[in-house]
Each structure stands twice: as C-alpha cells, then as structure tokens.
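Numbering of the sequence shown is given in my numbering, commencing with residue 115 and proceeding in unit increments.
No residue lacks a Cβ here, since even glycine has one placed at the ideal position from N, Cα and C.
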Amino acid sequence: MNPTAPPQKSQVPWWKTGVIYQIYPRSFQDSNADGIGDLPGILSRLDYLADLGVDALWLSPINPSPMYDFGYDVSDYRGISPEYGTLEDFQTLLDQAHRRGIRILLDLVLNHTSHLHPWFVESSRHRHSPKRDWYIWHDGKPSPWGKRSPPNNWLGVFGGRAWAWHEPTGQFYLHSFLPQQPDLNWRNPELREALFAVMRYWLELGVDGFRLDVVNWFIKDDRWRDNPPKPFGGLRPYEWQHHLYDKDRPEAIAIMREIRRIADEYGGFTVGEVFTPPPGNPELVAAYYDQGRGLHMAFNFAFTYCPWQAEAFAGAVERFEGALGPQDWPNYTLSNHDQPRAFSRYGNSVARAKVAAAMLLTLRGTPFLYYGEEIGMSNTRIPRRRLQDPLGKKYWPFHPGRDPVRTPMQWSAQANAGFSTGEPWLPVNPNYPSVNVEAQRNDPGSLLNWYKALLRLRKAEPALRLGSYGRLPAHRAVFCYERQLGEERILVALNFSSATQPLHLPMGATWKVLLATRGFSGEPLSGTLQLPGDGVLILKAMAYP
C-alpha cells in the first residue's frame, strides 16, 4: 500500500462534500521553541483536526522565502522553508494526514516570485538573459527631468508605483505587490511550462490540490494602458483606481483551463483567490469557473464581506448561485489570513458565531474554515513595534494590516496559549486564558463543540452535503432555507437578530429537530414556532405530501 495515497475516492468528488480548514503555519503550533509554527507542530495536532471533523487542510505558503511577505514571496517552488522543517517533514505530514482521511492542499503563489528566486536573479543579469522575458520588463517613458518614467500609472497593492527601476539594465520591472515580489510574465510559453511543472512536482509527491494566490492578477494588459481614476475609493492610493488593465484580464481564463487540466490528470483540486474589494463581484468569480472548464472553485468574497443581516447573506448566496453554471459548485468562507476575523467583525459574540457556523456548514457548497474560528479567536491588537506585515507597517495606524488575524492558535491556558515555549513571532491574544481549545473541549455548550456537532451532522445527512438549495419565506431577520436530496428535506432557520422571531414551517409536513441552539428538543414540530434571538434550528422532514 502506498503510504502517501489519499483517502478513497467516491463517485462524488471529495471537494464537493468536504470541509477545508486553513492553517497559517507560522501560527498553528511550534515544535522547537523558536516561536514560529512548523510542520512537526501541525503533525502533532492532526488528531485534534481529525476529531474536529475536517476533511482537508490548506497550508498557507511553506516554500523557502526571504519572508518580505511571509511566504508569498517564493524563492524556491520545490523546497520547504527551513523555518517550517524539511521536505521529509512535509512527506511525513502528508502520509499521516492521509492515514487519518485528511487531504493536504498547498498554497501556490504563481503571479510573482521573490526577487531572490534564481529565475529573477537570472532575468535581471542583462537584457539578453534567456529568462529576461519570464518577468515583465519595460523601457518606460521619457520624462522632463531626464530620467525615464514608469510606462503607466499602475500602483502596487502595498503602496507606491507598481514599477521599480532597475539601474543595471536600464528598465523597469513590474511588481503588483512589494518591490521584492516581481511579477511573472504569463504570456511567455516557457514560463508557463515551468510553473505547470511545479504543479506536477507537488501532485506527483502526493498533495491533493492547491489554493492559488491572486489568480486574477496573472495577465496584464499588453498595451500598458493607464487605469482610470476612482475618486474616494478608499484610504489607500491603490484604491483610487479602477484596476481595469493590471488585473482581471479576460486572457486569464485560458490559463485557468490549463491549470484545471493538469490538476485533473492527478485527481487534484484547485481553488483560486479572485480578490475583489468590497462588496465583491460574484459574476467575476464565476468567470474563473468557466462553466466547468476552469478552476474547480474560486472564492466568493461578496459573501465574506456581508454585514450581519439575514437579507445580506441570503442575497449573496442567491447572486452566487445565479452566477454559477449548472456544473459549478459554490464555496463559502467568513475568515482567512487577509480578512478580519468573523468573530470580531460580527460583534465578538459566541451566540452570533454559532449562527455563522451553522450557516457556513449547511449551505450548498464547500465551507472553508480558518484556524481558530472554531473556538472564537478574535482580532488581536498588535503594538507597532511588534508589527510584521508590510501592509500594517506602511499604513499604521490607519490600517492595522493582517497581523491581527494571524496570531498564534490558542490551545490552552498555559504560557503563550500552548503554542510555543519560546517567544511567539506575534503576540498571543490576551484572552487566551479563557478562549482556548482545552477550556472548550469538555464544555457541551462551547463554540468548539457546536462546530463538532455541525460537522458530524453534515457527514450524517447527505442532503446537507449534496442537496439542492432553496430559500424559504421568513421574517426579514431570519435566513431560512431548505436542502433537498431525493425524498430527504432539511430546513435551516437562522435568526440574525437578538429578538424572538416567528418561524412558519412549510405546510403539510412534520419535522424533527436535528440540531438547535436552545429551546427545542426532538419532538415533531409543525405550524408556527418562535425562534429565539440568535437562534439556530435545523429540522428534518418526517412526513410530508
């Protein structure tokens, strides 16, 4: 038996029925007291993850990197950063995860590399380098001051121009993010093949798929047109442009088809980050699915950005469902390594967190959880002297950056929340003595046990994994919908207000309680009920016409 073989396949792709858990490796578990999470640390927590009930782990980048952007500036696509361990450590993690029925997804950063990647080192040696065209170089334009100016007005996400002058070769290179992250030229066929070879390398090693970073940046306008202005777009200059020409180009869809083809050769899975600013753009996201020919999935941030309102979430779901083709499969997430934690966004309320969890784990589509979400981890205030994120360093105090959502996992009330016996790379949230896994493990009313119950229910009820979705009429504060598969019907009612609301069950059926926050037991229900404030009620039809 091949120890790296993934769990058994079924007729339905695993990514349609599974739940994916994102780990930020620097912050999950440190095994060697250096204050940085690592692969052996993740390995030591696999039993926790198996008991939680998740089906796959998405690991944020673990490749070697000078860490200007903490792994999103890759210097070696085929290695493991020494901070995290070795390739042998990764192979052990992969083997042991597979033995527990857990798949592993890697974060692949294919829009740009580190400026220290051998490809860029070679590309920048001289203008006639064989890898010169692997990156995006431009002469720029003459300026009145004698020096040349960038070819257009494109801006970098982390501030300043998106073009850096390279004095030794007398040209600008494009960097959509940091100057230390030069953009790759996806229009170059040799570069494309080199990146596809990276995918094959990891798939042949046994990984189960990839989360692909910023896929909507892969292709840029080849006429180098200026982006039009966007007055009052936001706090940062980057938000003062409509990014029509440096991202979201239609040529990217052909690349997604090739990525999908390669992944399918190995039974692999792909999900792309199609980053869109609030309020999000489900139609753009759906384009990257390309009616079943593109990526298996792309993230729908319109859902992530929703305010705490039933109508807002219901509208986001219906808009996404309407944008996708019949063969496409939705996905939903409320937090990740770039977004403020949902627990903080929605009022630091355990009651609301239970409503959010029930919604995320019962909608039609694949849920993505972010580490610590299951215990209610919240954003952490980071002193300026401890900031690590380049975004936070540049825009502090107007923008906190992403460090507040990347703090160490809170395992226990021990020092440093049980994350490390050394000084953690980021401060631990001060609430860790009460908000941690150990404190919630044996509390039947805890958020952790609520997540476990939802994950068990999802596995037990095929309609929650594969059933159709249909919204049901309800009070405007209640998001109510039905999941149906064959003769099986499950009703989910979520109260987004703190007040009791009436709930009218569909006529002609009696229902039993599968799971509820409070106030209901397993007796048959029908007619009109009173749904408590911040209440969740999940019912299964027992008899109906």
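With 16 other Cβ atoms within 10 Å as the buried cut-off, status of residue i
i    : result
L629 : buried
T227 : buried
P117 : Note on P117: pLDDT 40, under 50, position unreliable in the model; the coordinate value appears next. Counting Cβ neighbours within 10 Å, P117 comes out exposed, since fewer than 16 surround it.
R603 : buried
G600 : exposed
W259 : exposed
G271 : Residue identity differs from the one stated: residue 271 is Val in this sequence, not Gly. Buried: at least 16 other Cβ atoms inside 10 Å.
T480 : buried
R450 : Note on residue identity: the sequence assigns Asn, not Arg, to residue 450. Burial call: buried.
M115 : With a pLDDT of only 32 at M115, under the threshold of 50, the placement of this residue in the model should not be trusted; the figure read from the coordinates follows. Exposed is the call here.
D557 : exposed
E281 : exposed
S548 : exposed
R214 : exposed
V223 : buried
R140 : buried
F434 : buried
S582 : exposed
R371 : exposed
H357 : buried
R466 : buried
V126 : exposed
F533 : buried
Extent of the continuous alpha helix (DSSP H) run through residue i
i    : result
A577 : 576 to 580
Q405 : Q405 -> no alpha helix (DSSP H), and no H or E assigned at all.
Y509 : 504 to 509
F457 : 456 to 459
T384 : Segment 383 to 386 is the beta strand (DSSP E) holding T384; no alpha helix (DSSP H) there.
F234 : 232 to 237
P303 : 303 to 319
A276 : Run containing A276: none; DSSP gives neither H nor E here.
Q528 : Premise fails: Q528 is in no alpha helix (DSSP H) and is neither H nor E.
I519 : Reading off the sequence, residue 519 comes out as Val, not Ile. Note, V519: premise wrong, no alpha helix (DSSP H); not H, not E.
Q554 : 551 to 555
Simplified DSSP assignment, three categories, for residue i
i    : result
W564 : helix
Q295 : coil
G132 : coil
I652 : strand
V627 : strand
V431 : helix
L326 : strand
R585 : strand
L269 : strand
S263 : strand
Q453 : coil
Q285 : strand
A657 : strand
P343 : strand
T480 : strand
L639 : strand
I489 : helix
P256 : strand
W248 : helix
T494 : coil
T418 : helix
M411 : strand
CB contact check: residue i to chain C, cutoff 8 Å
i    : result
P342 : Absent here is chain C; the protein component of the structure consists of one chain.
Residue span of the beta strand (DSSP E) that contains residue i, given as start and end
i    : result
F593 : 592 to 599
P616 : 615 to 618
L645 : 642 to 645
L605 : 602 to 609
P440 : Element bounds for P440: n/a, residue is neither H nor E.
Residue i: CB within 7 Å of a non-hydrogen atom of the ligand MN
i    : result
W248 : Within the structure as shown, the ligand MN is missing, as the structure has no ligands at all.
Complete runs of the beta strand (DSSP E) confined to the segment 144 to 222 [at least 3 residues]: 170 to 173, 217 to 222
The segment 279 to 293 touching the segment 260 to 270, judged by at least three CB pairs closer than 8 Å: yes
Inter-stretch contact (C-beta, 8 Å, three-pair minimum) for the segment 583 to 601 and the segment 493 to 504: no
Contact the segment 562 to 573 vs the segment 471 to 490: 3+ CB pairs below 8 Å: yes
Continuous alpha helix (DSSP H) assignments of at least 4 residues falling wholly in the segment 352 to 397: 366 to 379
Stretch pair the segment 382 to 400 + the segment 296 to 312: three plus CB contacts closer than 8 Å: no
The segment 195 to 212 in contact with the segment 348 to 364 per 3-pair CB rule at 8 Å: no
Cβ contact check for the segment 439 to 459 and the segment 389 to 406: 3 or more pairs under 8 Å: yes
Segment contact flag, the segment 534 to 544 with the segment 134 to 150, C-beta cutoff 8 Å, min 3 pairs: yes
Cβ pair count under 8 Å reaching 3, the segment 609 to 616 against the segment 626 to 645: yes
Contact the segment 195 to 206 vs the segment 152 to 159: 3+ CB pairs below 8 Å: yes
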